[in-house]
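Going by this note's numbering, the sequence shown opens with residue 21, and the numbers climb by one from there.
Just so you know, even glycine gets a beta-carbon here, dropped at the ideal spot from N, CA and C.
Every value quoted in this text rests on a predicted model; they were computed, and no experiment measured them.
First up is the structure itself, then whatever we jot down about it.
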Amino acid sequence: MQDLIKERLAFLEPSHLSLKDLSDLHKGHSGNTGGGHFNLEITSSHFLGKS
């Protein structure tokens, strides 16, 4: 899953990308449908001038 996320974000040409899989922290929680839980930090010049 992480590789797919990074692949889909590649068009942003990130100068920094940190993707952490936090799915293990959500096992057993109600409402957990088996989807991944991730923390993403991304820096890209494509975000300049955006809010």
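So Leu45 and His36 are in contact, right, with Cβ under 8 Å, and what is the actual spacing, rounded? Counting from one through the sequence shown, the residue named residue 45 turns up at place 25. Counting from one through the sequence shown, the residue named residue 36 turns up at place 16. Not quite, the Cβ-Cβ distance comes to about 23 Å (not below 8 Å), so this is no contact.
By Cβ distance, which residues of its chain are closer than 7 Å to Gln22, with the 5 residues on each side in sequence left out? Looking up residue 22 in the sequence shown gives position 2. Answer for Gln22: Leu39, Asp41, listed in chain order.
Leaving aside the five residues before and after Leu73 along the sequence, list all residues of the same chain whose C-beta is less than 6 Å from its C-beta, in chain order. In the structure as shown, the chain begins at 21 and stops at 71. Residue 73 is therefore absent and cannot be evaluated.
Return the CA-CA distance between Lys70 and Glu61, expressed in angstroms with no decimal places. One-based indexing of the sequence shown puts residue 70 at position 50. One-based indexing of the sequence shown puts residue 61 at position 41. Approximately 16 Å between the Cα atoms of the pair.
Straight-line Cα distance separating Ile25 from Pro34: Translated into positions along the sequence shown, residue 34 becomes position 14. Translated into positions along the sequence shown, residue 25 becomes position 5. Straight-line Cα distance between these residues: approximately 13 Å.
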